[in-house]
Structure formats: structure tokens, C-alpha cells
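Working notes, structure below.
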Ligand SMILES: [Zn+2]
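Residue numbers (the numbering used here), protein chains in the order written: chain A, 183 to 295; chain B, 42 to 218.
Right under this line is the structure:
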């Protein structure tokens with residue numbers, strides 16, 4: 183079981199969280215200028231990384247905030263935890279902050295971690 | 042109406058676990074910039090610190106998230122939330138009466154921490170979970186709000202339909218020596 187450190191509540195057991203899939207995915211726009219290929223990429227294509235991953239988690243049975251976790255998908259080591267509005271604090275990270283947390287989904291997407 | 046015969050689905054008390062009588066409950070949500078205004082209107086300072094509570098003349102405000110609080114009124118009244126609503130007129134916030142959504146159990150005594158630890162992964166020691174701390178968390182497979190009201194006193198809020206499940210697990214833990 184993972185022990186994740188919610189940026190608001192501190193370390194909590196995995197049972198309190200929902201996995202939200204890969205993070206730092208921006209919705210392409212304006213919509214009229216988005217090609218089918220771009221839209222399909224936005225909706226369906228994910229890195230599915232074996233290694234250091236940037237992913238969203240929801241503290242569903244806690245403060246109900248979305249936040250980001252940098253986690254190694256092989257070792258499960260958590261490398262960083264940061265809020266939706268923050269860039270990944272790891273050095274040499276290229277992921278941009280997702281933006282306004284109110285624009286992130288209200289419900290969990292994707293399957294289990 | 043608060044009819045005591047139907048208010049709680051819980052059994053009578055055991056030494057360490059007793060149902061808490063009727064309580065009026067409300068959920069308030071607002072942005073950080075509106076906390077002062079809302080606090081003034083409802084006469085209790087909503088805590089900004091994570092997982093902390095404030096008690097003031099019969100009212101308790103429990104932090105559930107940075108924009109969400111559970112307000113408990115120890116003197117239940119059906120009119121209370123509509124009175125709050127009138128006082129909050131014009132303030133940008135959400136107010137929901139959840140008085141009957143959930144019920145409360147008191148878990149108390151020298152074994153309270155151990156009993157809770159059977160179903161909840163948090164560290165319940167007084168150092169890690171001091172008096173006044175509150176949080177939404179899980180007990181076994183049910184979502185609960187756990188609030189430490191004293192060194193050996195916990196107030197546990199659970200949705201009505203999960204109450205007997207949580208109660209049974211707590212009583213089982215209590216029965217083990
Ligand atoms: Zn949290």
C-alpha cells in the first residue's frame with residue numbers, strides 16, 4: 183500500500199485516495215482549431231511510463247483536493263508531491279503546472295494505480 | 042423533527058462506545074477570501090489550519106478541506122440551518138443541512154486509540170492526533186469524520202447507512218482483549 187503525503191493533510195494511506203491518471207495534460211484549444219488527431223491525443227494517448235511518472239491523485243476521503251505526485255512506477259518511490267497550481271519541484275522537470283485547480287476534474291478518471 | 046426514537050440507527054452504548062444524541066449539522070463551503078465574512082455572519086471563526094476545529098458557545102467548526110467545514114450544533118433545532126442561511130444572505134458560499142445524513146458515535150476511555158486503530162490507519166496517539174484535531178478519513182471501508190474532543194475522547198461522524206457497519210466493527214474491537 184502506498185503512503186501518500188497530501189499537500190494539505192499530510193501522510194495518509196492509499197485507501198483515502200483515488201488515482202487520476204497522468205498529470206500535466208493540457209486541453210488543446212481554441213476548440214475550433216483542434217484537429218481530430220490532436221483531440222484524440224488529448225483524450226486517449228498517455229505515456230504509460232515505466233519509471234518516473236507525473237500523476238494526479240484525489241484525496242477523496244480527506245480534504246477532496248486534487249494534487250500531483252511524482253512517482254516511480256517500478257519502485258513506487260514517491261519523489262515529490264505538489265499542488266495542482268505548482269510546477270514539479272524536481273530538478274530538470276519540464277512539466278508545466280496544470281493551472282487553475284478549479285478546472286481539474288471533479289471526479290476521478292482512469293483505473294487503479 | 043428530531044424524534045429521539047428514530048434519530049439514530051445505533052444500538053445502546055457499551056463501555057467505550059456510545060451513540061451521540063441528536064446534533065444539527067451543516068456543511069459550509071467558501072473560498073479563502075470569504076472565510077472572514079462567513080465566520081462573522083455565523084458567529085464562529087472557521088479554522089484555516091488543516092485538520093483543526095474551533096468550538097464556540099455550543100457550535101463546533103471542523104476543517105474538512107481548505108474550502109469546506111462541518112458545523113455541529115449541540116442544541117439541535119430544525120430551524121437552525123435556515124437561520125444560518127438568512128444570516129449568510131449575500132455571502133458567496135454554499136450551505137447544506139446534513140443533520141440527518143450522518144450520525145455520531147463517541148469512542149472514549151483508555152482503549153479508544155486502540156479500538157480506532159483496528160479500522161483506521163492514522164496515528165491516533167496524542168502527539169500525532171492532538172485534542173481538537175479532526176479529519177475525514179476511512180474506517181474499514183466506510184468514510185468517517187474523526188474528531189478528538191479530549192485526551193481519551195473521540196467523536197466519530199458516519200453516514201447513516203454505514204453506521205451499523207462501523208458500530209459493529211468498533212464493538213468487535215472493543216470486545217477483544
Ligand atoms: Zn488532503
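Note that CB positions come from ideal geometry on N, CA and C, so glycine has one too. Here the structure is a predicted model, which means the values were calculated and not measured.
Going by Cα to Cα distance, which pick from the options is closest to residue i?
| i | options | result |
| --- | --- | --- |
| residue 242 of chain A | B/184, B/196, B/195 | B/184 |
| residue 57 of chain B | B/201, B/79, B/197, B/206 | B/197 |
| residue 83 of chain B | B/152, B/129, B/68 | B/129 |
| residue 110 of chain B | B/134, B/164, B/124, B/120 | B/134 |
| residue 258 of chain A | A/266, A/269, A/209, A/232 | A/232 |
| residue 142 of chain B | B/212, B/199, B/216, B/206 | B/199 |
| residue 187 of chain A | A/218, A/213, A/260 | A/260 |
Determine the DSSP secondary structure at residue i, reduced to helix, strand or coil.
| i | result |
| --- | --- |
| residue 163 of chain B | coil |
| residue 268 of chain A | coil |
| residue 81 of chain B | helix |
| residue 100 of chain B | strand |
| residue 112 of chain B | strand |
| residue 226 of chain A | helix |
| residue 51 of chain B | coil |
| residue 240 of chain A | strand |
| residue 201 of chain B | helix |
| residue 138 of chain B | strand |
| residue 213 of chain A | helix |
| residue 187 of chain B | strand |
| residue 206 of chain B | helix |
| residue 145 of chain B | strand |
Is residue i buried or exposed, if buried means 16 or more other CB atoms sit within 10 Å of its CB?
| i | result |
| --- | --- |
| residue 264 of chain A | buried |
| residue 183 of chain A | exposed |
| residue 189 of chain A | buried |
| residue 165 of chain B | buried |
| residue 148 of chain B | buried |
| residue 204 of chain B | buried |
| residue 55 of chain B | exposed |
| residue 239 of chain A | buried |
| residue 235 of chain A | buried |
| residue 167 of chain B | exposed |
| residue 81 of chain B | exposed |
Could you confirm whether any beta carbon from chain A is found closer than 8 Å to the beta carbon of residue i?
| i | result |
| --- | --- |
| residue 92 of chain B | yes |
| residue 177 of chain B | yes |
| residue 191 of chain B | no |
| residue 162 of chain B | yes |
| residue 198 of chain B | no |
| residue 154 of chain B | no |
| residue 215 of chain B | no |
| residue 184 of chain B | yes |
Looking at the C-beta of residue i, does it have a partner C-beta in chain B at a distance below 8 Å?
| i | result |
| --- | --- |
| residue 197 of chain A | yes |
| residue 190 of chain A | yes |
| residue 202 of chain A | no |
| residue 240 of chain A | no |
| residue 236 of chain A | no |
* To do: Give the residues from the region 90-124 of chain B that approach chain E closer than 8 Å (Cβ to any Cβ), ordered along the chain.
  => Judged by its chain identifiers, the structure shown contains no chain E, and its protein chains are A and B.
* Flag this pair as touching only if the region 108-122 of chain B and the region 59-68 of chain B have three or more C-beta atom pairs under 8 Å; answer yes or no. => With a cut-off of 8 Å, the region 59-68 of chain B and the region 108-122 of chain B count as touching, because enough Cβ pairs lie within range.
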